[in-house]
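Residue numbers (our numbering): 800 to 1050. Report on the structure given below.
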């Protein structure tokens, strides 16, 4: 993964946008950081549980602008209008040229639906799709596969070894479908974080009786850092200066 560009100062981002965006404040190095990251959180999870992940992305992994997509009532929505609004604002600024839509758990379904929207105003290849402990809806796989095969969309999967909630059969099917026909294609777009669990992609507590997640050996901030490194290794984020190989297991 490429390193970060030079830093020119500090910018405080605080942007309240309609159509379901949750504003928060982060500090970002100003420079040639041309990536935008939007995240759809998991079902029944407060959106601000992902603020530490977003802050880390901006402060250390080359993301210039980051936004959390709010989930009214704990249910994430595709929020295509919100994504379009953000892209229009980014284009007006003239600095952003890459948009990464990421989803955790149920949010992965919504991020995929937003990425498939035909009226975002983006050119082929400008939007990438990251699945964090999640996968798209099976009904969306044919359209996603066609977009990947045509070179119009880049996808990546980051999973966790102790995730007790994700359906691994569905995950493997999505990885295989979107990995292409080449041998090892699924492994080329997928990384697994040893010691991570489902909840560790955010910062929230899990009721183990209702949601039998695995026991993580990583702290949430460690897992989130590993997830961002994985996205950099897989080519969706610019990465950070001096980033060395992380402890990942290819799937």
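Glycine residues also receive a C-beta, built at the ideal position from the N, C-alpha and C atoms.
Over the uninterrupted alpha helix (DSSP H) stretch that includes residue i, give me the two end residues.
| i | result |
| --- | --- |
| residue 886 | 879 to 892 |
| residue 931 | Run containing residue 931: none in the alpha helix (DSSP H); it sits in the beta strand (DSSP E), 926 to 931. |
| residue 942 | 940 to 948 |
Is it buried or exposed, residue i, if we count other Cβ atoms within 10 angstroms and call 16 or more buried?
| i | result |
| --- | --- |
| residue 1004 | exposed |
| residue 887 | exposed |
| residue 938 | exposed |
| residue 1013 | buried |
| residue 935 | buried |
| residue 924 | exposed |
| residue 766 | A question about residue 766 goes unanswered here, because the residues of the chain that appear run from 800 up to 1050. |
| residue 945 | exposed |
| residue 1011 | exposed |
| residue 869 | buried |
| residue 1024 | buried |
| residue 1039 | buried |
| residue 996 | buried |
| residue 1059 | The chain is shown from 800 up to 1050; residue 1059 falls before or after that span and cannot be answered. |
| residue 962 | buried |
| residue 986 | exposed |
| residue 922 | exposed |
Can you tell me whether DSSP reads residue i as helix, strand or coil?
| i | result |
| --- | --- |
| residue 954 | strand |
| residue 1039 | coil |
| residue 834 | strand |
| residue 1000 | helix |
| residue 1023 | helix |
| residue 1030 | helix |
| residue 1016 | coil |
| residue 970 | helix |
| residue 989 | strand |
| residue 920 | coil |
| residue 936 | coil |
| residue 979 | coil |
| residue 902 | strand |
| residue 803 | Reliability fails at residue 803, whose pLDDT of 21 lies under 50, so the model's placement of it is uncertain and the value that follows must be treated cautiously. Residue 803 falls in the coil class under three-state DSSP. |
How far does the beta strand (DSSP E) with residue i in it reach, from first residue to last?
| i | result |
| --- | --- |
| residue 906 | No beta strand (DSSP E) contains residue 906, which is instead part of the alpha helix (DSSP H) from 905 to 914. |
| residue 857 | Taken as a continuous stretch (DSSP letters only), residue 857 belongs to no beta strand (DSSP E), being part of the alpha helix (DSSP H) at 850 to 859. |
| residue 843 | No beta strand (DSSP E) contains residue 843, which DSSP labels as neither H nor E. |
| residue 864 | 862 to 868 |
message: Is it the case that the segment 930 to 950 contacts the segment 894 to 914, given that we only count it when at least three CB pairs across the two stretches are under 8 Å?
response: Output reads yes: the segment 930 to 950 touches the segment 894 to 914.
message: So, does the segment 1013 to 1020 touch the segment 966 to 983, judging by three or more C-beta pairs under 8 Å?
response: no
- prompt: Taking one C-beta from the segment 844 to 862 and one from the segment 1024 to 1032 each time, how about it: are there three or more such pairs within less than 8 Å?
  reply: Taking 8 Å as the limit for Cβ pairs, the verdict is that the segment 1024 to 1032 does touch the segment 844 to 862.
- prompt: Is there contact here, the segment 829 to 849 with the segment 905 to 914, by at least three beta-carbon pairs under 8 Å?
  reply: Contact holds: three or more Cβ-Cβ distances are below 8 Å.
- prompt: Would you call the segment 878 to 895 and the segment 994 to 1004 touching, i.e. three or more CB-CB distances under 8 Å?
  reply: no
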